[in-house]
Amino acid sequence: MIPSLFSAQPTSTPMKPPFDPKSFRARLQQLQRDLLALAKIAADATATVELDQARMGRLSRMDALQSQAMSVATCRRRDQQLAQIAAALRRLDEGEFGYCLECGEVIAEKRLQIDPTASLCITCAEDAESR
Ligand SMILES: [Zn+2]
63 MIPSLFSAQP TSTPMKPPFD PKSFRARLQQ LQRDLLALAK IAADATATVE
113 LDQARMGRLS RMDALQSQAM SVATCRRRDQ QLAQIAAALR RLDEGEFGYC
163 LECGEVIAEK RLQIDPTASL CITCAEDAES R
């Protein structure tokens with residue numbers, strides 16, 4: 063899921079974010095690069111496993127299948143992370159970054175430093191978890 067580069071329109075009256083959006087943009091873009099690099103390494107590794115499988119015994123084949131299933135889960139998690147990063151970058155473009163999607167309150171900067179893709183304030187996040 064790669065959002066179009068042309069979909070983000072510059073806003074005419076950008077909201078002033080409560081913190082430096084540039085540093086968060088740089089961090090998100092770095093995260094995005096890291097994840098894409100990891101995805102490429104994983105894709106290469108998966109291809110290797112498939113090639114080796116013909117030569118494997120039953121037990122090692124089970125191991126390979128198991129690790130493959132794990133890498134599928136990792137891959138899915140990575141895709142989710144990439145989607146969250148893309149969404150956070152879009153919010154940065156639209157001047158909505160750092161505001162809770164649920165209640166519109168400013169998300170604590172500490173929370174964003176731990177997870178720059180956070181889209182909910184702590185109250186709404188805890189609320190969503192307990193639901
Ligand atoms: Zn909220």
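Adding 62 to a residue's 1-based position in the sequence shown gives its number in the working numbering.
In this text, a Cβ means the ideal position worked out from N, Cα and C, and glycines have one as well.
Query	Result
Contacting residues, own chain, Cβ-Cβ under 6 Å from residue 89 (five flanking each side not counted)	178
Residues bridged to residue 18 (per DSSP)	The structure shown has nothing for residue 18, since the chain only spans 63 to 193.
Sub-7 Å separation of residue 184 and residue 173 beta-carbons	yes
Residue 167 Cβ short of 6 Å to ligand 1 heavy atom set	yes
Residue 69 (DSSP reduced to helix, strand or coil)	Note on residue 69: pLDDT 48, under 50, position unreliable in the model; no value is reported.
Exposure label - residue 135; buried when at least 16 CB within 10 Å	exposed
Pick from 109, 167 and 171 that is closest to residue 127, judged by C-alpha positions	109
Status (buried if at least 16 other CB within 10 Å, exposed otherwise) for residue 181	buried
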